Amino acid sequence: MTVSSSSGRISDGIHTRVLEPLYAEVLRRNPGETEFHQAAREVLETLGPVFADRPELVDARIVERLCEPERQLIFRVPWLDDRGRTQINRGFRVEFNSALGPYKGGLRFHPSVNLGIVKFLGFEQIFKNALTGMPIGGGKGGSDFDPKNRSDNEIMRFCQSFMLELYRHLGEYTDVPAGDIGVGSREVGYLFGQYRRITNRHESGVLTGKGLNWGGAQARTEATGYGCVMFTAEMLRARGLELEGKRVSISGSGNVAIYAAEKAQQLGATVISCSDSSGYIVDDKGVDLELLKQLKEVERGRISEYVERRGPHARFVSGSSVWEVPCDVALPCATQNELDEDDAVTLVRNGVIAVAEGANMPATPEAVRVLQEAGVAFAPGKAANAGGVATSALEMQQNASRDSWTFAYTEQRLSEIMRHIHDSSHRTAERYGQPGNYVVGANIAGFEIVADAMLAQGLI
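Adding 1 to a residue's 1-based position in the sequence shown gives its number in our numbering.
Structure (structure tokens):
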């Protein structure tokens with residue numbers, strides 16, 4: 002697949018001499034890693050204007066170095082289930098780039114996890130973390146372990162075995178994991194307890210997403226969803242619009258989706274739908290957040306049960322895409338590549354004006370193209386969902402100073418960071434002749450921060 006031009010300013014020579022060979026090398030060195038190929042291409046195809054203006058970045062082979070992780074860890078995770086049978090899973094940690102600070106990025110426990118997915122997530126994390134303005138590098142990890150339908154004791158035994166290997170690579174100045182899909186406060190607690198037992202150190206800054214009474218930060222649970230909506234509001238404001246009064250459709254019903262819905266409602270929007278792997282619900286009166294939280298966070302139930310308790314104005318649709326629901330704003334908050342070209346066409350036909358990625362790379366490249374060509378405001382995940390890692394960095398600050406901030410103060414800091422990310426992405430897109438293109442703006446803004454740090458620090 003070729004890398005296409007994103008600006009008329011770029012000569013064909015830049016594409017032929019630099020971009021095409023770079024992408025070909027990514028494919029050659031990382032065979033079969035489809036998601037990583039997609040993430041790398043999505044960044045590469047926007048960097049032509051930078052290379053045209055700054056040839057020293059080409060000579061220093063910054064992109065080649067960025068596409069090669071500093072360290073890739075794969076390890077066996079044996080554990081006993083409740084029947085006393087031995088189970089074997091595979092663990093991963095990709096420490097991608099530490100030019101700006103210690104590696105920072107979540108752990109994902111899901112059957113789909115493999116090296117390519119972890120590398121795509123870690124690669125995205127480099128630029129996302131840079132955009133926050135916080136001193137954190139990029140990394141990601143996880144396992145193909147599935148916590149669904151596992152007992153608390155099984156999850157604890159798995160987490161303890163996982164940390165028994167991973168602990169030797171972690172540290173508040175080295176690598177600081179957090180949660181992701183399948184890793185919430187329960188899993189972080191088990192991981193932290195095992196780390197503390199092995200190392201004999203209560204090193205709070207080694208994991209983020211902790212409980213509030215043992216080093217966690219206020220607003221961390223809400224941060225990714227809140228931040229996504231804050232970015233969306235800024236994006237609409239740049240077009241002279243407001244989020245208030247808009248109908249919002251959200252995919253997923255996990256942490257990011259729930260708190261994106263909460264913040265959207267706080268800002269005056271009506272959240273009309275959300276989903277899980279079984280289908281989606283539509284609630285014409287607006288999603289009842291307390292019911293959704295009870296169902297998903299406490300009971301760990303299915304989204305279909307929402308309708309049974311909510312009443313006749315809510316309905317459940319099985320086996321279909323939530324993007325069928327007409328809305329003004331769409332927030333994909335479930336998983337990668339969940340919003341495809343056909344979904345994008347449907348959204349445009351139904352009048353969507355803004356799409357912001359709450360998950361990591363949930364829109365396919367074809368979907369992004371459809372949305373941008375239709376003039377829809379589109380925010381890529383590395384910008385729109387950076388609120389989670391930003392608040393993780395704020396948690397690290399509090400741990401380092403043995404301090405604890407209020408929810409209001411932490412949310413204020415989050416709001417400032419998301420506004421900074423929006424403004425930086427917006428300005429950068431304009432500077433490179435792509436006004437309103439947040440994909441170009443976010444990619445280049447994040448890339449330039451990391452590239453300058455790598456140049457300053459020599460051949461690393």
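Built from N, CA and C at the ideal position, the CB exists for glycine as well.
Since this is a predicted model, take the numbers as computed values, not measurements.
Given residue i, which residues of its chain have a CB within under 7 Å of its CB, disregarding the five upstream and five downstream residues?
i, result
"P136", "L101, G102"
"L74", "F93, R94, H170"
"I11", "Reliability fails at I11, whose pLDDT of 40 lies under 50, so the model's placement of it is uncertain and the value that follows must be treated cautiously. Cβ neighbours of I11 beyond the five flanking positions: G49, P50, A53."
"S319", "S279, G280"
"A430", "P436, G437, N438, Y439, V441, G442"
Determine the DSSP secondary structure at residue i, reduced to helix, strand or coil.
i, result
"V95", "strand"
"C275", "strand"
"T87", "strand"
"V288", "coil"
"G442", "helix"
"D1", "The requested residue 1 does not occur in the structure, where the chain is confined to residues 2 to 461."
"G33", "coil"
"D471", "Here the chain has residues from 2 to 461 only, and residue 471 is not among them."
"G194", "helix"
"I156", "helix"
"Q399", "helix"
"V4", "Note on V4: pLDDT 42, under 50, position unreliable in the model; no value is reported."
"I304", "coil"
"G134", "coil"
"W215", "helix"
"T392", "helix"
"I354", "coil"
"S319", "strand"
"G280", "strand"
"R72", "strand"
"L81", "strand"
"A61", "coil"
"A25", "helix"
"L208", "coil"
For residue i and residue j, I'd like the C-alpha separation in whole angstroms.
i, j, result
"P363", "G241", "26 Å"
"V369", "K383", "14 Å"
"L340", "I199", "42 Å"
"L28", "E125", "17 Å"
"V451", "P436", "22 Å"
"G269", "V288", "13 Å"
"E396", "Y439", "27 Å"
"S393", "I445", "23 Å"
"R248", "V272", "6 Å"
"T222", "K129", "18 Å"
"V114", "K149", "14 Å"
"L460", "V119", "25 Å"
"R428", "W215", "40 Å"
"R414", "G226", "15 Å"
"L456", "N154", "48 Å"
"Q398", "A360", "25 Å"
"F408", "E243", "25 Å"
"S144", "T411", "31 Å"
"V377", "S425", "20 Å"
Return the chain-ordered list of same chain residues with a C-beta closer than 6 Å to the C-beta of residue i, the five sequence neighbours on each side being excluded.
i, result
"A385", "C229, F232, A357, E358"
"A331", "S250, L348, V353, V356"
"E65", "none"
"G447", "F128, A131, L132"
"D277", "S254, I304"
"A265", "V230, V249, V272"
Look up residue i in the DSSP assignment and give the residues it is bridged to.
i, result
"I251", "L332"
"W324", "Beta-bridge pairing links W324 to no other residue."
"R109", "G143"
"Y104", "G138, D176"
"A430", "The partner list for A430 (beta bridge, DSSP) is empty, contrary to what the question assumes."
Please work out which residues of its chain come closer than 8 Å, Cβ to Cβ, to residue i, disregarding the five sequence neighbours upstream and downstream, and give them in chain order.
i, result
"L463", "In the structure displayed, the chain extends from 2 to 461; residue 463 sits before or after that span and is not available."
"A179", "K105, G106, G107, L108, V189, L208, T209, G210, G389, V390, S393"
"T175", "P103, Y104"
Report the option in the options whose CA atom is closest to the CA atom of residue i.
i, options, result
"T87", "E449, G142, R158, V283", "R158"
"H1", "V95, S99, R91, I127", "The displayed coordinates of the chain run from 2 to 461. Any statement about residue 1 would go beyond what the structure contains."
"H314", "A345, I282, A41", "I282"
"T47", "M455, W215, D181, V19", "V19"
"S279", "L460, I304, L81, G143", "I304"
"V78", "R72, G123, I89, E71", "I89"
"L23", "R432, N214, E43", "E43"
"L208", "S186, Y227, R72, G459", "S186"
"A380", "A239, E26, L296", "A239"
"A41", "A457, L58, G117", "G117"
"L514", "H423, F37, L456", "Only positions 2 to 461 of the chain appear in the structure, and residue 514 is not among them; the question remains open."
"G246", "D329, G376, S205", "D329"
"R202", "D60, G172, P333, S321", "G172"
"A224", "S99, N256, F97", "N256"
"F97", "D83, C68, R84", "C68"
"R197", "G217, L165, G183, A220", "L165"
Taking only heavy atoms of the ligand FAD into account, decide whether any of them is closer than 6 Å to the Cβ of residue i.
i, result
"A131", "Annotation note on the ligand FAD: not contained in the displayed structure, which lists no ligands."
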